[in-house]
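Novice: Sequential numbering of the sequence shown, starting at 1, is according to full-length UniProt numbering. Beta carbons: idealized from backbone N, C-alpha and C, even for Gly. On a predicted model such as this, the values are computed, not experimentally measured, just so you know. Pasting a structure here, questions to come.
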Amino acid sequence: MRDKKTEERPSSAVVAVEEVPSLKGVLLEGPFKRRILTAFGFSVGVNLLMLVSPLYMLQVYDRVLTSGSYDTLLLLSIIACFLLAIYAAADGGRKRSFALLGGMLGEKLEAPLHAQALRIGAPSRQNANLSLSKIQSFLMSGGPAPLFDLPFSPLFFLLLFLVHPILGCIGLGGAVLLIGIAVMAEFATKGAVQTAAKQEAIGGAIVRQSLASAPAIAGLGMVRAMSGRVAEARSASVETSLESSNVGGFLASLSRSLRQILQVASLGTGAYLVLQQQISPGAIIAGSIIMGRGLAPIDQIVGQWKNLVRMRGEVETLAAAVPDALKPRVETELPRPDANLRFENFAVNSMKPGEILIPKFNLNLSPGDLVAVVGESGSGKSTFLKTAAGIHRPADGIARLGDVDLHSWPADDRGQYIGYMPQEVSLLGGTVRENISRFRPDRDEDVVAAVERTGAEHVLASLAQSYDTMIGPEGTSLSGGQRQAVGIARALFGDPVLLLLDEPTSALDARLLGSFVNMLSEHGANGGIGLIATHDARVMNACNLVMTIHQGRIAVQHKEDYFEALKKGAAARAS
């Protein structure tokens, strides 16, 4: 066994050096800030031009009807129509500003969020992209308009007080009642809305899993059971949504009824004040319109409270993901590392939050070291390989390939020196050539070399268009052995320094297995290193070391010592 002592050597990886921005910081950037201010500017115009109708009615009642002047009526009508045309343009401009803001958010955040989800591999990070899509839809539908109108409600109430203090008090009192309904809606629907969203996500995940496993479900006679499970998940989501909708609908109806009552109260009070000769007849209509305009944003917010609560949750999800997604990274491409893999006080996280799967350990692998990783099912072999590949972050410690900390190394740069193959080979929509080349163009020679090392030329020859055969969701469906062969070739693409292979031979036939063992021996002889999770004795024979993971502990032995221990254990059990 080669020396496993670790040495302290400085890392040459260069990572973040600037302050990480927040979602708020993004929105305050020049282009976004200008777009938001533009939308607010249009909102100023929209709300000021809302006064056209009440002022027009006031002038018609107080000037035209008393003077009988047709010229005055015509002039007032022309001015009102002109201003209302400007109002329409301002309202359209505001909607366009919201839509453009949604598009800008997508351009700014979609790619970084997707890259983050691929880098981290956490479902919560993947949800950030869904949250971004929902926020974009909300913006493009003009959803924020009531929120932009709300700051102008006090202006309308002030004008109502100028018409008459009693009318102002009615409007202000109505606003307080509507705000009270909004507070009730917050407490009554928040929990149900969040629960419904979670149940909907669970139901969607079950549907996707069912479709992905359709052949197994049909073959095992599970169609009825899985359909029932999907229906049960959907039913729970619908039931919770109905609960929140019932409460929200009742409060929205209460809000609309209150507005109608306030309109009646405004008209009735206005008529009384006219009889008392405290206001003019035109002030009745003007006061009613002004009150309606002041109450409208509050009423609209109450009416779509459920949607706003959902959007608030989406914004919180997005805000939590943005700092890491936009974290500045100086991705200086580093040279090909030496074939040394060192784990320094390295600990592996469990998939359960807060749990450690493998406690701290130290290990130094030198050029030519090939390690068979063995252990019972569920012992953590796959999680260990994912963490070693940089897919998951370690609980503690550092893994260095050459001198570079694997988890501080930009993923695209790191990946070209690592050949990782998961236990379940996922092939993407595209040609066989594209999948093997990791979708890097103009690398045909490397693709052919990887296939030859895998010994899978006959596998590709059996496909309709060989390397150009379309695979993935809309292409040819490959057998398990074919998928695994393509997965191995993809891992070997570019002659990586480090191989991390998870049960790479479980579906291979004897011919491909023999080629794989030869490739592995050749990789070690050429100074490469590898960690291969396997139960196959032929693969273990091609390795020089065996790592056993048992109950969270790691033991590394020479291959000969491992097999000798197995023989002694078998002999002891036989006796």
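#1: If you run the structure through DSSP and keep just helix, strand and coil, what is M184?
#2: Below 8 Å, how does it come out for the stretch 384-394 and the stretch 404-420: are there three or more Cβ pairs, yes or no?
#3: Pop quiz: I358 and I549 are said to be a contact at Cβ under 8 Å. What is the actual Cβ separation, rounded to whole angstroms?
#4: For A347, which residues from the same chain have a beta carbon less than 8 Å from its beta carbon, with the 5 sequence-adjacent residues on both sides left out?
#5: When the distance is taken between beta carbons, is I285 closer than 8 Å to M57?
#6: F346 by DSSP, collapsed to three states: which one?
#7: Quick one: Cα of V497 to Cα of K24, how far?
#8: Can you name, in chain order, every residue of its own chain whose Cβ lies under 7 Å from the Cβ of A271, other than the five neighbours on each side?
#9: Give me whichever residues DSSP pairs with I554 in a beta bridge.
#10: Taking T72 as the reference, give the member of T534, V309, S22, V60 with the closest Cα.
#11: Have a look at the DSSP bridge pairing and note the partners of Y420.
#12: Along the beta strand (DSSP E) that carries F361, what are the first and last residues, could you check?
#13: In its own chain, which residues sit with a C-beta less than 8 Å from the C-beta of T454, not counting the 5 before and 5 after it?
#14: Could you spell out where the beta strand (DSSP E) holding D495 opens and where it closes?
#15: Buried or exposed: which applies to F157, given that a residue is buried once 16 or more other Cβ atoms fall within 10 Å of its Cβ?
#16: Determine the DSSP secondary structure at L531, reduced to helix, strand or coil.
#17: So, under 8 Å CB-CB, R400 and R342 are touching, yes? Tell me the CB distance rounded to an integer number of Å.
#18: Taking all protein chains shown into account, do 16 or more other C-beta atoms lie within 10 angstroms of the C-beta of Q116, making it buried, or fewer, making it exposed?
#19: If you measure between the beta carbons of L334 and G419, is that distance less than 8 Å?
#20: Determine the contact status of N101 and I179, defining contact as a CB-CB distance below 8 Å.
#21: Threshold first: 4 residues or longer. Then list the alpha helix (DSSP H) segments lying entirely within the stretch 388-476, N to C.
#22: Which value, in whole angstroms, describes the spacing of the CA atoms of L109 and A99?
#23: Taking the alpha carbon of I86 as the reference point, which residue from L74, L51, V64, L113 has its own alpha carbon closest?
#24: Counting Cβ pairs, one atom from each stretch, are 3 or more of them under 8 Å apart for the stretch 367-387 and the stretch 519-533?
#25: According to DSSP, A372 sits in a beta bridge with which residue or residues?
#26: For the alpha helix (DSSP H) that contains T38, what are its first and last residues?
#27: Answer yes or no: do D509 and G480 have a C-beta to C-beta separation smaller than 8 Å?
#28: Counting C-beta neighbours from all protein chains within 10 Å, is the total for K352 16 or more, i.e. buried, or is it exposed?
#29: Out of curiosity, what's the CA-to-CA distance linking S53 and A252?
#30: Thinking A90 and L49 are a contact (beta carbons under 8 Å), I'd like their distance in whole angstroms, please.
#31: So V26 is in the alpha helix (DSSP H); what residue range does that whole segment cover?
#32: Around the Cβ of H458, are there at least 16 other Cβ atoms within 10 angstroms (buried) or fewer (exposed)?
#33: Beta-carbon separation of F42 and G93 under 8 Å?
#34: Assuming Q300 is part of the alpha helix (DSSP H), what are its boundary residues?
#35: What do you get for Q260, buried or exposed, if any count of 16 or more other CB atoms within 10 angstroms of its CB means buried?
#36: If you measure from the beta carbon of S227 to each beta carbon in chain E, is any gap under 8 Å?
Specialist: In short:
#1: helix
#2: The stretch 384-394 makes contact with the stretch 404-420: 3 or more CB pairs, one atom from each, lie closer than 8 Å.
#3: 7 Å
#4: If we look at A347 and ignore the five residues flanking it on each side, its Cβ neighbours are I356, I358, P359, K360, F361, P394, A395, D396, G397.
#5: yes
#6: strand
#7: 42 Å
#8: Cβ within range, chain order: I284.
#9: I549
#10: V60
#11: L500
#12: 356-365
#13: A485, I488, A489, L492, L512, S515, F516, M519.
#14: Here D495 belongs to no beta strand (DSSP E), and DSSP marks it neither H nor E.
#15: buried
#16: strand
#17: About 5 Å; that satisfies the 8 Å criterion.
#18: buried
#19: no
#20: For the record, residue 101 in the displayed sequence is Leu; it is not Asn. Annotated as distal: L101 and I179, with beta-carbon spacing of 8 Å or more.
#21: 411-415, 432-436, 444-454, 457-461
#22: Rounded to the nearest angstrom, the two C-alpha atoms are 16 Å apart.
#23: L51
#24: yes
#25: A372 is bridged to I532, V546.
#26: 30-49
#27: no
#28: exposed
#29: Looking at the two C-alpha atoms, the distance is approximately 26 Å.
#30: Right, the Cβ-Cβ distance comes to about 6 Å (below 8 Å), so this counts as a contact.
#31: 23-27
#32: exposed
#33: yes
#34: 281-303
#35: exposed
#36: In the structure shown, chain E does not exist; there is a single protein chain.
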